[in-house]
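Student: Every number in this note's numbering is 15 more than the matching position in the sequence shown, counting from 1. Input: one structure, supplied below.
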Amino acid sequence: MADSVISDLHYYINTIEVLLSTLGLKCFQIMETQSDSVFVCKDKYGNIGKGEYLEDGFMLYKGSKCSLELHKGTKSLPQRDALIQSGILKKSGDHYILQSNKIFSSVSSASSIILGRRSNGWREWKDSNGKTFDELKRQ
16 MADSVISDLH YYINTIEVLL STLGLKCFQI METQSDSVFV CKDKYGNIGK GEYLEDGFML
76 YKGSKCSLEL HKGTKSLPQR DALIQSGILK KSGDHYILQS NKIFSSVSSA SSIILGRRSN
136 GWREWKDSNG KTFDELKRQ
(Lines of atoms letter the chains of each structure in order from A and count residues from 1; the text may use other names and numbers.)
(Lines give C-alpha, C1' and ligand atoms only; values in the text may rest on other atoms or scores of the structure.)
Protein backbone atom coordinates (compact mmCIF):
# COMPACT_ATOMS: atom_id res chain seq x y z
CA MET A 1 0.00 0.00 0.00
CA ALA A 2 1.16 3.49 -0.67
CA ASP A 3 2.35 5.50 2.31
CA SER A 4 -0.24 8.17 1.62
CA VAL A 5 -3.09 5.63 1.83
CA ILE A 6 -1.77 4.28 5.13
CA SER A 7 -1.43 7.82 6.45
CA ASP A 8 -5.02 8.57 5.45
CA LEU A 9 -6.26 5.41 7.18
CA HIS A 10 -4.47 6.34 10.40
CA TYR A 11 -6.05 9.80 10.21
CA TYR A 12 -9.56 8.37 9.74
CA ILE A 13 -9.16 5.83 12.54
CA ASN A 14 -7.90 8.55 14.89
CA THR A 15 -10.81 10.83 13.93
CA ILE A 16 -13.35 8.03 14.54
CA GLU A 17 -11.79 7.27 17.92
CA VAL A 18 -11.93 10.94 18.98
CA LEU A 19 -15.55 11.36 17.84
CA LEU A 20 -16.71 8.20 19.59
CA SER A 21 -14.84 9.10 22.78
CA THR A 22 -16.81 12.37 22.99
CA LEU A 23 -19.91 10.16 23.24
CA GLY A 24 -18.26 8.14 26.01
CA LEU A 25 -17.56 5.15 23.78
CA LYS A 26 -14.22 3.39 23.73
CA CYS A 27 -12.99 2.14 20.39
CA PHE A 28 -9.80 0.56 19.03
CA GLN A 29 -8.43 0.02 22.51
CA ILE A 30 -7.03 -3.27 23.76
CA MET A 31 -8.93 -4.52 26.79
CA GLU A 32 -6.50 -5.92 29.33
CA THR A 33 -7.45 -8.12 32.24
CA GLN A 34 -6.40 -8.02 35.85
CA SER A 35 -6.09 -11.53 37.21
CA ASP A 36 -6.97 -10.52 40.78
CA SER A 37 -10.38 -9.25 39.69
CA VAL A 38 -11.53 -12.25 37.63
CA PHE A 39 -14.92 -13.71 38.44
CA VAL A 40 -16.34 -17.08 37.36
CA CYS A 41 -19.94 -18.08 36.64
CA LYS A 42 -20.66 -21.78 36.13
CA ASP A 43 -23.31 -24.43 36.49
CA LYS A 44 -23.60 -28.22 36.66
CA TYR A 45 -24.09 -28.48 32.88
CA GLY A 46 -20.53 -27.43 32.03
CA ASN A 47 -21.40 -23.84 31.16
CA ILE A 48 -18.62 -21.61 32.43
CA GLY A 49 -17.68 -18.00 31.88
CA LYS A 50 -14.99 -15.74 33.21
CA GLY A 51 -15.05 -11.98 33.37
CA GLU A 52 -14.32 -8.86 35.31
CA TYR A 53 -16.07 -5.71 36.41
CA LEU A 54 -14.93 -2.54 34.66
CA GLU A 55 -16.14 1.06 34.90
CA ASP A 56 -18.04 0.50 31.61
CA GLY A 57 -19.82 -2.65 32.80
CA PHE A 58 -19.06 -6.33 33.17
CA MET A 59 -16.66 -7.78 30.58
CA LEU A 60 -17.24 -11.42 29.69
CA TYR A 61 -14.06 -13.00 28.34
CA LYS A 62 -13.60 -14.59 24.96
CA GLY A 63 -13.85 -18.39 25.15
CA SER A 64 -16.66 -18.47 27.71
CA LYS A 65 -18.84 -21.60 27.28
CA CYS A 66 -22.52 -20.69 27.18
CA SER A 67 -25.65 -22.82 27.37
CA LEU A 68 -26.79 -24.12 24.00
CA GLU A 69 -30.44 -24.31 25.02
CA LEU A 70 -32.55 -22.00 27.13
CA HIS A 71 -33.85 -23.44 30.40
CA LYS A 72 -37.49 -24.60 30.42
CA GLY A 73 -38.87 -21.54 32.22
CA THR A 74 -37.04 -19.04 30.00
CA LYS A 75 -38.89 -18.10 26.83
CA SER A 76 -36.26 -15.82 25.33
CA LEU A 77 -33.14 -13.79 26.00
CA PRO A 78 -33.08 -11.12 23.28
CA GLN A 79 -29.50 -10.08 23.99
CA ARG A 80 -28.36 -13.70 23.64
CA ASP A 81 -30.28 -14.05 20.37
CA ALA A 82 -28.56 -10.93 19.03
CA LEU A 83 -25.12 -12.34 19.95
CA ILE A 84 -25.92 -15.58 18.13
CA GLN A 85 -27.17 -13.72 15.04
CA SER A 86 -24.06 -11.51 14.93
CA GLY A 87 -21.70 -14.49 15.25
CA ILE A 88 -20.24 -13.39 18.59
CA LEU A 89 -21.69 -16.59 20.07
CA LYS A 90 -20.85 -19.59 17.87
CA LYS A 91 -22.05 -23.13 18.35
CA SER A 92 -19.30 -25.60 19.16
CA GLY A 93 -20.37 -29.04 20.33
CA ASP A 94 -22.72 -28.78 23.30
CA HIS A 95 -22.14 -25.06 23.93
CA TYR A 96 -22.00 -21.63 22.39
CA ILE A 97 -18.50 -20.15 22.62
CA LEU A 98 -17.97 -16.41 22.99
CA GLN A 99 -15.72 -15.32 20.10
CA SER A 100 -14.47 -12.04 21.60
CA ASN A 101 -14.52 -10.13 24.86
CA LYS A 102 -17.94 -8.53 25.35
CA ILE A 103 -18.99 -5.81 27.79
CA PHE A 104 -22.47 -6.06 29.32
CA SER A 105 -24.29 -3.26 31.11
CA SER A 106 -24.97 -5.50 34.13
CA VAL A 107 -23.53 -8.53 35.87
CA SER A 108 -26.90 -10.26 35.56
CA SER A 109 -27.06 -9.94 31.76
CA ALA A 110 -23.58 -11.48 31.53
CA SER A 111 -24.50 -14.44 33.77
CA SER A 112 -27.79 -14.96 31.88
CA ILE A 113 -25.83 -15.40 28.63
CA ILE A 114 -23.69 -18.10 30.26
CA LEU A 115 -26.51 -19.96 32.00
CA GLY A 116 -29.24 -19.68 29.34
CA ARG A 117 -31.76 -18.34 31.83
CA ARG A 118 -32.53 -15.19 33.75
CA SER A 119 -30.19 -14.97 36.71
CA ASN A 120 -28.96 -12.75 39.51
CA GLY A 121 -25.36 -12.03 38.55
CA TRP A 122 -24.65 -10.59 41.98
CA ARG A 123 -24.95 -14.16 43.34
CA GLU A 124 -23.79 -16.15 40.28
CA TRP A 125 -20.36 -14.53 39.77
CA LYS A 126 -17.72 -15.69 42.28
CA ASP A 127 -14.05 -14.96 42.80
CA SER A 128 -11.30 -17.57 43.23
CA ASN A 129 -12.15 -17.82 46.96
CA GLY A 130 -15.83 -18.56 46.31
CA LYS A 131 -17.05 -15.13 47.43
CA THR A 132 -19.95 -13.77 45.41
CA PHE A 133 -19.83 -10.50 43.53
CA ASP A 134 -22.46 -9.27 45.99
CA GLU A 135 -20.28 -10.07 49.01
CA LEU A 136 -17.29 -8.27 47.49
CA LYS A 137 -18.92 -5.19 45.96
CA ARG A 138 -22.04 -4.43 48.01
CA GLN A 139 -21.12 -5.40 51.55
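C-beta atoms are modelled at their ideal positions from N, C-alpha and C, and glycine is treated no differently.
Distance check for Leu-35 and Tyr-27, CA to CA, integer angstroms please.
Tutor: Numbered from its first residue, the sequence shown carries residue 27 at position 12. Numbered from its first residue, the sequence shown carries residue 35 at position 20. When rounded, the distance between both Cα atoms is 12 Å.
Student: Between Ser-123 and Glu-32, what straight-line distance do the alpha-carbon atoms span, to the nearest angstrom?
Tutor: For the purposes of this step, residue 123 is taken as residue 108 along the sequence shown, with counting starting at 1. For the purposes of this step, residue 32 is taken as residue 17 along the sequence shown, with counting starting at 1. Ser-123 and Glu-32: Cα-Cα distance of roughly 29 Å.
Student: Per DSSP, which residues does Tyr-111 bridge with? Please list them.
Tutor: One-based indexing of the sequence shown puts residue 111 at position 96. Beta-bridge pairing by DSSP links Tyr-111 to Cys-81, Lys-106.
Student: Are the beta-carbon atoms of Gly-66 and Tyr-76 separated by less than 8 Å?
Tutor: On the sequence shown, residue 66 is found 51 positions in, with the first residue counted as 1. On the sequence shown, residue 76 is found 61 positions in, with the first residue counted as 1. Contact check for Gly-66 against Tyr-76 passes: the beta carbons are separated by less than 8 Å.
Student: Let me make sure I understand the geometry here. Which of Lys-59, Gly-64, Asn-29 has the alpha-carbon closest to that of Ala-125?
Tutor: Looking up residue 125 in the sequence shown gives position 110. The option with the nearest alpha carbon to Ala-125 is Gly-64.
Student: Hey, quick one: how far does the alpha helix (DSSP H) through Leu-130 stretch, first residue to last?
Tutor: One-based indexing of the sequence shown puts residue 130 at position 115. Run containing Leu-130: 122-130, per the alpha helix (DSSP H) assignment.
Student: Which one or two residues does DSSP pair with Lys-90 in a beta bridge?
Tutor: Taking the first residue of the sequence shown as position 1, residue 90 is located at position 75. Paired residue(s): none; Lys-90 is not in a bridge.
Student: Just list the residues that DSSP pairs Glu-67 with in beta bridges.
Tutor: Stepping through the sequence shown from its first residue, residue 67 is reached at position 52. DSSP output for Glu-67 lists Val-53, Met-74 as bridge partner(s).
Student: Suppose the cutoff is 7 Å on Cβ atoms and the five residues either side in sequence are ignored; what does the same chain contact list for Asp-142 look like?
Tutor: Taking the sequence shown and counting its residues from 1, one reaches residue 142 at position 127. These residues qualify, in order along the chain: Phe-54, Leu-151.
Student: Hey, quick one: how far does the beta strand (DSSP E) through Lys-152 stretch, first residue to last?
Tutor: Locating residue 152 in the sequence shown gives position 137, counting from the first residue. Not the beta strand (DSSP E): Lys-152 falls in the alpha helix (DSSP H), residues 148-152.
Student: Within its chain, find whatever has a CB closer than 7 Å to the CB of Ser-120; leave out the 5 residues flanking it on each side and keep chain order.
Tutor: Position 105 of the sequence shown, counting from 1, holds the residue named residue 120. Gly-72, listed in sequence order.
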